[in-house]
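To start, the structure under review is shown below, and the notes come after it.
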Amino acid sequence: MLPIGHYLFLSLALFIIGVVGVVTRRNVIVVLMSIELILNAVNINLVAFSRLYGDVAGQVFALFIIADAAAEAAVGLGIIIAFFRNRETVLADEMDLLKW
Amino acid sequence: MGPQHPSTHGVLRVKLKLDGERVIGSECIIGYLHRGVEKIAENRTYQQFAPYVDRMDYVAAVSSGLGYCEAIEKLLIVEAPPRSRVIRTILTELQRIASHLLWLGTHALDIGALTPLFYCFREREEILKIFEKYCGARLTTHAFRIGGLQYEAYDTFEKDVERFCKDFESRVVEYEDLLTQNRIWIGRTKGVGILTAADAIAFGVTGPVLRASGVKWDIRKAAPYAAYDQYKFEIPVGTTGDTYDRYLVRMEEMRQSRLICLQAIENIPTGPIMAKVGKVLKPPPGEVYHAIEAPKGEIGYYVVSDGTVMPYRVHIRPPSFINLQAFDRMVRGHLVADVVAIIGTIDIVLGEVDR
Amino acid sequence: MLDKVLFYFFAGIALASAVLMVTRRNVVHSAIFLITALLATAGIFLQLRAEFLFIVQIILYVGGIMVLFVFVIMLVNLDVALQQIQFARQKWVALFVALALAGQVGLMFWTSGKMPGQGLPVLTAAAAAKLPPNSETVARSLFESYLLPFEIASVLLLVAMIGAVVMAKKRV
Amino acid sequence: MMTSILQATIEFLKAFWAPLLCGVAIVAVLPLIVGYIVLVERKLMADMQARLGPMRVGPHGLLQPIADAVKLLIKEDIIPDNADKLVFWLAPVLSVGAALLSLAGLAIGPAFQIAQDINIGILFVVGISAMGIFGIVLGGWASNSHYSLMGALRSSAQLVSYETAAGMALVSALLFTGTLNIKSIVEAQSKEGIWFVMLAPVAFFTYLVASIAETNRAPFDLPEAESELVAGYMTEFSGFRWSLYFLAEYANMIVVASVATTLFLGGWLRPFASVRWLNFLDFVPVFLIVAVGVYCVQRTPKQPTRVQQLFMLAVAGLCFVLGLVLLAPVVLPVAKPFYAGIHGGFWFVLKVSLYIYFFMWLRFTIPRYRFDQLMRLGWHFLIPLSIVNVLLVGVALIAGSYLNLHGWGLLLVTTPAAIVTLIVAFLILAMEKEPGAPQDQAATSDFYAG
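Right, here's the structure in full:
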């Protein structure tokens, strides 16, 4: 089918775009979305290798990563809502006080 | 909710103060349909003003006409002949059923049930046919004259009314099957828009809204007019005064009106239909207040005459306008979806509110 | 032959929408592009004969998490956020991080002496037919060899649910 | 170079001509089917409300859907100012795409399945139709009017919460089949000789209620029929865009109905398929179609104009031909192999239309839920009920396997499970009653307030 390198390159590219997104964007929601993208890049690698060695463990682990991403998104968005209700802003720069 | 809102019956603007979904306060802005009827009355003769009365509560035109004519008769100290009084009672009771049918249809539609609307309008059509055969008009009938009736009852009048009353009983059962036991209907109406008896009296609310709160007050029993003293009928009374009770009270009232019509048809006395009233009416100077039980509540006429052909002052006490004042109390603490149900349950007609 | 076409198609979409997601000013647009990126990765899972993961990705990731994201974007009124500048000035930091990562992977390939092209051929299309049905194998291994992680994942989800509820409760 | 591409495309086409053909058929035929479902709905509604419904276009309004479609295409679609162009265009496309795509996974007869037996069948259909939520949310957002945004949020909240209930109900049915592949689900039902609606009645009930809520219909159609939200997320869309949403809603209805039929009502199986002496049931489809034909013929003289009479005769002719087609496999030995395909198709379509009839019937009779009641029903009642049901059905299955019961025997075990679930349901309902009067009398009784 396809040499595994293709999948590696694809997941690397997605991973880099995710990291760039996390670093450059000020809006916390977009940062969270970029983290989702990074997790997705990891998943591609896992599934590619699980198909390479024919062992399904990779896919099971990818399943766990998706579950974890769901948990992380839920709590992250909960924090954003709570923060937005108090400070009316969603930008990372203005979250500079530990306690207000 | 703007004036041309689909669910406010006519042009009523309601400003709601919301906390999220809950209503904290409300303010009704009216006057979009104000035509200055009472000012016009001051330069119209007594007979000329009669058609204006129908245009106020266009849904129950016959009963507002009856109120006006009886008030002027009281002023003229003239007694309408027994035959016209009985026919007047029959027509007013039919109008009460028609008005309640329209209320039930639109109220159910607001809450989401599509079918009752068409069933109610099918029955209402029968009643309007009878009105048309009797006095030519369906809605703003101007059926009565001061001192009696203009037209003799057409020959199949008794048979039509009897046929209508006969199959109306099964129809009411039909509506009851659709709605009364319906869990969703109960869910949407039970405990919604509660008006306690004390509040009801304090707001001066009358009609089915008052009776649903548990106050047994109906002018047809308290001060019988036309031919109501000759017939036996009871006054349905609610307990908690919520939307569900008002629904039950109005359904029961429709049944009672049907009984009155049946009793009235048996013996319509023969005799003249018009009392001795001159072409030009010059009532002696003085004032009179006469109230009757319209479908929406107590409609009162306060007429002051200064001996000339035209009344000095005519003031009309519209039941919808006063029932509307209780709206704010009922809507407090409810959700936006209930506001629609509450507007429906007070059964207001904007023509009457704004005059 | 078909696999190559499919792979390049999905990979192209994934990369394009990922780039667009990061660069868009309007958060709703970037959310939509993230959805397309996720769908493209789901396509790649399908191309790798991992149907169960394909459908889990669609139901859970796109149907669940992204709905949550779009909900929160709607709740957070965006007209205020749009005016503010969206991009931090750390453009150079980002570039440096990206170069470092690319260099690292390049190093890995260079030392192992195998260019990505010569990697082991993964699977011929014909062989795919006799593959055991994917969802059964995933389920069997999930409940046999990975039962404990499965339970821990469910506890994790429970904790996350409680946390989100407490966090978003109206502190009135 | 060119030849290899050409050769690749031919090979691609050869391998996948069947699904492509079905796909084109779905996209072309579906709007027509949806149009006629809408006509049937309006006629039914009229009939229940003592009126006639659309009669003007074509005999008995039969051409009404075509007139509607043309009207919608010609109507000028307005885009609200400073609305988000990209999202405004994307939202309806997304929601229709999700609905049509999930139709691909369904199997009408044993032969007609577009995506040939993918082994995550039912999950594929449910997953893709869950994508429809984005169409609604983004549609509400794009038309940036406050009301439609609120409507969109409400309807997607409703969709998300009822999806869990529907998912759980499906899980308890899947316990019986063991696989997700649609074709093997129906085969499992024919092997067991009993439909799963009998084995897991509570699951069927929860799925029924959840699917009504999921397609925004009947008592749960709050988001677009709410009095002050006017038309919910659809308000700003007009013309063709609006008809896309409309198409998506009805396609979703078909999807939900066919999932229920495949899983609970035995897909394309004839009722009591495996019972030998009930074989005369095979003639029922023919009888039904011929009856419709006779009715049309009997009605033709009453038609006012010549053209309408001809039209009615044509419809009657069509029914008779269809009757023949249905009769052939049962009678002629030579057409035996087609039996499963044609009859299966007929039974499947019959069950789906009965399911949709129930949707319509509900819509006309009962009033609408308020939003908080709707959510309370979803979270407090349906989801716990379906979870408990999954538990109990699992326990019943284990007990069944110990006593190695099969087919009708399983009923011995599953009925007590259903009864226990119902007891739990009443418990939940009873618990619901105590907490306080629904409307707290917040206002103090000061007469001159506000």
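Quick note, the sequences are listed as chains S, Y, H and U, same order.
Our numbering puts the first residue of the first sequence at 753, with every later residue one more than the last.
Our numbering puts the first residue of the second sequence at 51, with every later residue one more than the last.
Our numbering puts the first residue of the third sequence at 237, with every later residue one more than the last.
Our numbering puts the first residue of the fourth sequence at 40, with every later residue one more than the last.
Even glycine gets a Cβ: it sits at the ideal position worked out from N, Cα and C.
Taking the straight line between their C-alpha atoms, what separation do you get for A362 (chain H) and T218 (chain U)?
Annotation note: pLDDT 49 at A362 (chain H) (below 50); position unreliable, coordinate value reported separately. Cα-Cα distance, rounded: 24 Å.
Going by alpha carbons, who is nearest to H99 (chain U) out of U:S223, U:V164 and U:V346?
Nearest option by C-alpha distance: U:V346.
Suppose the cutoff is 7 Å on Cβ atoms and the five residues either side in sequence are ignored; what does the same chain contact list for A496 (chain U) look like?
Because chain U is modelled from 40 through 489, residue 496 (chain U) falls outside the range shown and cannot be assessed.
What does I768 (chain S) reach in chain H if we use C-beta pairs closer than 9 Å?
Going along chain H in sequence order, the residues near I768 (chain S) (Cβ under 9 Å) are V333, A334, L337 and A338.
Using only the alpha-carbon positions, how far apart do L270 (chain H) and P131 (chain U) sit?
Looking at the two C-alpha atoms, the distance is approximately 19 Å.
Give me the chain U residues within the contact set of T395 (chain Y), using Cβ-Cβ distance strictly less than 9 Å, ordered along the chain.
Result: empty, since nearest Cβ-Cβ is about 14 Å, beyond 9 Å.
What residues from chain U crowd round L151 (chain Y), counting only those whose CB sits closer than 8 Å?
Neighbours of L151 (chain Y) on chain U: none; closest Cβ ~14 Å, over 8 Å.
In chain C, which residues lie less than 8 Å from I833 (chain S) when you measure between Cβ atoms?
Protein chains in the displayed structure are S, Y, H and U, and chain C is not among them.
Does DSSP put G75 (chain Y) in a helix, in a strand, or in coil?
In this structure, G75 (chain Y) counts as strand in the three-state DSSP scheme.
Measure the alpha-carbon distance for I393 (chain Y) versus G243 (chain Y) and round it to whole angstroms.
Spanning the two alpha carbons is a distance of roughly 9 Å.
Quick test of your reading: G197 (chain Y) and E123 (chain Y), contact by CB under 8 Å. State the CB separation rounded to the nearest angstrom.
Sure, about 6 Å apart at Cβ, within 8 Å.
Could you have a look at L245 (chain Y) and say whether DSSP puts it in helix, strand or coil?
The answer is coil: DSSP assigns L245 (chain Y) none of H, G, I, E or B.
Can you say whether F55 (chain U) is buried or exposed, counting buried as having 16 or more other CB atoms within 10 angstroms of its CB?
Looking at its Cβ environment, which holds fewer than 16 other Cβ atoms inside 10 Å, F55 (chain U) is exposed.
Starting from the Cα of V330 (chain Y), find the closest Cα among Y:Q98, Y:L62 and Y:V403 and give me that residue.
That would be Y:Q98, whose Cα lies nearest to the Cα of V330 (chain Y).
Compare the C-beta of E71 (chain Y) with all C-beta atoms of chain U and state if any pair is closer than 9 Å.
Yes, its Cβ sits closer than 9 Å to a Cβ of chain U.
Considering only C-alpha positions, which residue in the set Y:M106, Y:S263 and Y:R174 is nearest to L406 (chain Y)?
Any answer about residue 406 (chain Y) is impossible in this case: the structure gives chain Y only from 51 up to 405.
Would you list the residues sitting across from N779 (chain S) in a DSSP beta bridge?
Looking at the DSSP assignment, N779 (chain S) forms a beta bridge with S:L843.
Please go through the same chain and pick out, in chain order, the residues whose beta-carbon is closer than 7 Å to the beta-carbon of Y96 (chain Y), but skip the five residues on each side of it.
I122, I196, L331 and P361.
Under DSSP, the beta strand (DSSP E) around E284 (chain Y) begins and ends at which residues?
Note, E284 (chain Y): premise wrong, no beta strand (DSSP E); not H, not E.
Could you give the DSSP three-state label for P755 (chain S): helix, strand or coil?
In the structure shown, P755 (chain S) sits in a strand (DSSP, three-state: E or B).
Could you run through the segment 797-825 of chain S and flag, in chain order, every residue whose CB is less than 7 Å away from some CB of chain H?
So the list reads V799, A800, R803, L804, V808, A809, Q811, V812, A814, L815, F816, I818, A819, D820, A821, A822, A823 and A825, given in the order they occur along the chain.
Here's the rule I'm using: 16 or more other beta-carbon atoms within 10 Å means buried, otherwise exposed. How should Y102 (chain Y) be labelled?
Label assigned to Y102 (chain Y): buried.
Is T218 (chain U) close to chain H, meaning its C-beta is less than 9 Å from at least one C-beta of that chain?
Closer than 9 Å to some Cβ of chain H, the Cβ of T218 (chain U) qualifies, so yes.
Can you tell me where the alpha helix (DSSP H) with D69 (chain Y) in it begins and where it stops?
Not the alpha helix (DSSP H): D69 (chain Y) falls in the beta strand (DSSP E), residues R63 to D69.
When burial is assigned at 16 or more other CB atoms within 10 Å of the CB, is T320 (chain Y) buried or exposed?
Answer is exposed; the Cβ neighbour count stays below 16.
Pick from Y:Y82, Y:L126, Y:K67 and Y:R94: whose alpha carbon is nearest that of H340 (chain Y)?
Closest option to H340 (chain Y), Cα to Cα, is Y:L126.
Comparing the C-beta of L760 (chain S) with each C-beta of chain H, is any distance below 9 Å?
Chain H contact via Cβ: present.
Can you give me the C-alpha to C-alpha distance between V263 (chain H) and A330 (chain H), rounded to a whole angstrom?
C-alpha separation (whole angstroms): 20 Å.
Going by DSSP, what residue range makes up the beta strand (DSSP E) through S307 (chain Y)?
From DSSP, S307 (chain Y) is part of no beta strand (DSSP E) but of the alpha helix (DSSP H) over T293 to E316.
How long is the line joining the alpha carbons of V354 (chain U) and C335 (chain U), rounded to whole angstroms?
Near 7 Å, if we compare the C-alpha coordinates of C335 (chain U) and V354 (chain U).
DSSP three-state call for L145 (chain U): helix, strand or coil?
L145 (chain U): coil per DSSP, three-state reduction.
Identify the contact partners of L284 (chain H) in chain U, using a Cβ-Cβ distance below 8 Å as the criterion.
Those do not exist, as L284 (chain H) stays about 14 Å from chain U at its closest Cβ, beyond 8 Å.
Let's test the definition: count the other Cβ atoms within 10 Å of the Cβ of W328 (chain H) and tell me whether it reaches 16, buried, or not, exposed.
Counting Cβ neighbours within 10 Å, W328 (chain H) comes out exposed, since fewer than 16 surround it.
Which runs of the alpha helix (DSSP H) fall wholly inside the segment 90-114 of chain Y and span at least 4 residues, in chain order?
DSSP runs (the alpha helix (DSSP H)) wholly in the segment 90-114 of chain Y: 96-106.
Residues of chain Y with CB under 8 Å from M87 (chain U), in chain order?
What M87 (chain U) touches in chain Y: T165.
Heavy atom of the ligand SAM less than 8 Å from the Cβ of F465 (chain U), yes or no?
Ligands in the displayed structure: none, and consequently the ligand SAM is not present.
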